[in-house]
Structures are given as structure tokens and as C-alpha cells.
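**Student:**
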Amino acid sequence: SWVLAENCDLPSGVDVWKTIVADYPNYLTECVLLGRLGLHYKNLLQGKLEFNDIIPAESRGVFQAFYSNSPSARFFDSVLLETVRHLLKGVNTGRQLRILEIGAGMGGLVGSFLHGLPEDQFEYIAAESDEELYEQLEATYSNHNGVSVLQYDPATQDESDKLKPGSIDLILANHSLHENGNILESLRCSKDLLATGGMLLFVERRPDLLIDFFLGLRPDWWRYSPLPDLPSSRLISKEQWRDSLLKVGF
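So the mapping is simple: this note's numbering equals the position in the sequence shown, first residue as 1, plus 83.
#1: Less than 7 Å separating the beta-carbons of LEU328 and MET282?
#2: So GLY186 packs on LYS274, CB below 8 Å; how close in whole Å?
#3: Exposed or buried, which one is VAL232 when buried takes at least 16 other CB atoms within 10 Å?
#4: Report yes if the CB atom of PHE134 is closer than 7 Å to the CB atom of ARG301, and no otherwise.
#5: Could you tell me the boundaries of the alpha helix (DSSP H) in which LEU111 lies?
#6: Assuming SER231 is part of the beta strand (DSSP E), what are its boundary residues?
#7: Beta-carbon within less than 8 Å of GLU221's beta-carbon, same chain only, minus the 5 sequence neighbours each way: which residues are those?
#8: Who are the Cβ neighbours of ARG288 in its own chain at under 7 Å, not counting the five residues just before and after it?
#9: Just checking, does the stretch 264–272 make contact with the stretch 197–215 on the three C-beta pairs under 8 Å criterion?
#10: Going straight from the alpha carbon of ILE182 to that of LEU192, what length do you get?
#11: Are the beta-carbon atoms of ARG119 and ILE137 separated by less than 7 Å?
#12: Can you list, in chain order, the residues of its chain with a C-beta nearer than 7 Å to that of GLU165? Leave out the 5 residues immediately preceding and following it.
#13: Go to ALA256, then tell me how far its beta strand (DSSP E) extends in each direction, as first and last residue.
#14: My assumption, with CB atoms under 8 Å, is that GLY188 sits in contact with GLN219. Please give the rounded CB distance.
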């Protein structure tokens, strides 16, 4: 059994947060999110505040920083980059690798690839379904040689001339497939786009209480739960991903 103490000698949450920031400066992005949300968590749980009151839409750059600058994100970015660098070695001379990145707006890989790979060896399509993130991508890369920006949702069929069935050599998704309500349809559409010998390369977190703490305050984070009173995180296990890939023929 346990008892909740009304008074204790533990340091304040703010002091603990400051200590964590001082001890782990590389995790500043995570600490900023933890601090901004944790400071108001009581009022959020009581319904006195909404997620958008704490982190309004125009300030979502903190999440983009989390997906692109956190230590774990940088590690996975480097793994993906090195994998693609290895694949490029097998591409026939004179032929460009056609790459499609799904969900390129939130912590996308396009910037890392442009700085880490020879541009004459690939054609890059940065795809994003969110209107605001798509506009940011368009403003950043619209005039960049070798990069096309496309508003695209992998869970739906797309009639764009840029995405014909069998036209893509490599599809990348960096923590973005879980954002779609119909994962099977997203995987099925991705498979249809791949050329013979093409590859889908994606990174997804396993079920993670920290991510649920950050993103679970968004009402839409739970919108695909099977039952209203049984909230289910969007993050699924490695075994569930494997089963989903097998169901669509990977």
C-alpha cells in the first residue's frame, strides 16, 4: 500500500527541471517541451487549459525541433543517410535514384540529404499532407534544383503526375507513418509507388510514454482509438509493424 504525502522535502519541479537541463544540455529540446507542458499539466488535465493554449499552432516549431534535433532523431537521421549513401553506390552511372519522403515537413530529412549526398545522384520529392507544413517546405525548397515539393497523403490515392505507380526507387518516412489513421492503406499506397526492386525505409518509435506525454495532449492523438473510453496511442509495436507490412505484401 502507499500514502500520498501532502508535505515533503523534495525540491520543486522547476528546480528538478533546471538540474536536468544543466546535466543534459543535449536534450534541451525535450526539456523545453517537458517544461512548457509540465508546468501547466494540472490545468490541462482539469480541462482549464487546452493544448493550443500552451503551444499554439504558430509555435509548433518546437515539435519540429524535437523530431529533427533531439539526440535520438539525429542518430536515426544518420542511419538513414548512411543507408541511402550505400544504396547510391549500386545505382547505375547516369541514372538518378528517385526518392520520395513522406511527412517531410515535421523533422524531415531533405536538408540532411542535400548536405550529405551528391545531388546529381538523386531526385528528391518532399511530400507533406499538412497545409501549413507543406507551405513551409514550398517556401524553403521550391527553387532548389533536384527537389520537388508535393502536398500528398499516403493514406489516399494521389493523381499527381509526379507520383505514378512504380515510379519511386526509395520511399523514406521519418516518424511520420503513425500520423495516418489507416496505416495499412498508407503502406499499400507506398508499395504501389515503388519501382521493381524499390525499397520502403522508415523509422518509427515503439510505444513510448514520453511521446504520449508530449503529444497525448493533442485530442487528435487518440482519435483512432478503437473505443472512446479505451484510448490507444498512435505508436505501435515492432510486431504490429511487421504484421502490417506482411499484410500488404512487403
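Here a beta-carbon is modelled for each residue, glycine too, at the ideal position from N, C-alpha and C. In this text, all values refer to a predicted model and were calculated from it rather than measured experimentally.
**Tutor:** So, from the listed chains and residues:
#1: no
#2: Not confirmed; about 17 Å, so no contact.
#3: buried
#4: yes
#5: 111–121
#6: 230–234
#7: VAL232
#8: HIS258, ILE294 and LEU318
#9: no
#10: 11 Å
#11: yes
#12: none
#13: 251–257
#14: 6 Å
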